[in-house]
Each structure stands twice: as C-alpha cells, then as structure tokens.
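Participant: Residues in the sequence shown are numbered from 351 upward in steps of one, following this note's numbering. We put the beta carbon where it would ideally sit given N, CA and C, even for glycine. Quantities reported herein were computed from a predicted structural model and do not represent experimental measurements.
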Amino acid sequence: MIVRPAEVDDLSAILAIYNHAVLNSTATADEEPQPLAQRLAWWQVHERENMPIFVAEIDGEVVGWSSLSRFHPRVAYRFTAEDSIYIAEEYRGRGIGRALLSPLMARAQTLGLHAVVALITADNAASIALHQRFGFEPVGHLPQVLRKFGRWLDLAILQRTFTGGEGDPPAVA
C-alpha cells in the first residue's frame, strides 16, 4: 500500500468511493451521488486553501482517501478543520484508515491547526475507534439530527487538539 498526496487524476476514484458511501452507508449525510463537476469544485477549494487530500493505493488502484476541510467559513474558526476518511468497501478492515489518518494529522500540525473535528454517525463504531486511536476525544453527541435510509441517526463529535506552536494557517482567498 502507498499513501500519497492526491492528484487531480485521482478524482474519479475518489468520487466513486464517496458515491458508493452515499448510496450504501451512513458515513455521509449526503443522499444523492455527486457529479464529477462538484468533486472538482471541492478539489479546487482544497487547493486554494492549502488543505490536504491523501489517497491510499494498492497495486495502482486508489482504495481510499482522506482530507482536511475548513470547519467553518467564519474567520475565528481558521485554526480548526474537519477530517474525512473514506475507504472502498472491499478494502475496509485492512488498516487503510490508520494509514490515511496519520499523514492527515501530521499535515494538520504543519498547517498550524489547533484542532481537528470529526463528525461521525454514532453507529459507526469503527470510525470512532480509529479516531480515538489518534487522540480524538468525544466532545459532543447530537441525538437524531440526521435522517437517512428511513431512520434517525445520532451524530458523535470527536476532537483532537494540538498544543503549542500553532501558527496562522494560510489565508483563505
């Protein structure tokens, strides 16, 4: 397995993994698959804001991805990001999430972020456990705030806070 910064040519694979999650899981609150143009706009925002996207490759195939995104557009939130991790269904349980979260946390520190927040449906025990292994702590629980597949879902909020040395992340254009 190789974990590397994503390239624009990876967008189709990133989109396929994401859209599979949209249609088959509660890992995202989206209910409709995204078109490639929407994912390209997402990519461009990440490039403009210097926010990382990583992919995991096995035998030349992208099997997972991770990213940091601005947590909120208001300027006082500039030291906080939200992470995302998606793994192709047939590759889950192989340590790919750990391999993708590690460089993401290193990059968060390099960017001078103070906190990374994970918003995870509370029934996603694997994602919660993964984040806790990386120092994320539960900081909130919002009952029944999502409705997907005909059922109400709770949202778990986890956060990792970095101490000392935080600088100002690059300005948002």
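Leaving out the 5 sequence neighbours to the left and right, which residues in its chain are closer than 6 Å to residue 492 when beta-carbon positions are compared?
Facilitator: Around residue 492: 505.
Participant: Spell out the partners DSSP gives residue 471 in its beta bridges.
Facilitator: Bridge partners of residue 471: 505.
Participant: Using a Cβ distance threshold of 8 Å, determine whether the segment 466 to 480 contacts the segment 374 to 382, with at least three qualifying pairs required.
Facilitator: These segments touch.
Participant: The alpha helix (DSSP H) with residue 459 in it runs from where to where?
Facilitator: Per DSSP, residue 459 belongs to the alpha helix (DSSP H) from 446 to 460.
Participant: Identify, in the order they occur along the chain, each residue of the same chain with its Cβ nearer than 6 Å to the Cβ of residue 521, setting aside the five sequence neighbours on each side.
Facilitator: Model confidence at residue 521 stands at a pLDDT of 42, short of 50, so the residue's coordinates are unreliable; what they give is reported in the following sentence. Hits under 6 Å: none found.
Participant: Compare the C-beta of residue 475 with all C-beta atoms of chain D and state if any pair is closer than 9 Å.
Facilitator: Absent here is chain D; the protein component of the structure consists of one chain.
Participant: The alpha helix (DSSP H) spanning residue 436 covers which residue range?
Facilitator: Per DSSP, residue 436 belongs to no alpha helix (DSSP H); it is in the beta strand (DSSP E), 430 to 437.
Participant: Could you pull the DSSP bridge partners for residue 512 from this structure?
Facilitator: For residue 512, which the question treats as bridged, DSSP gives no partner whatsoever.
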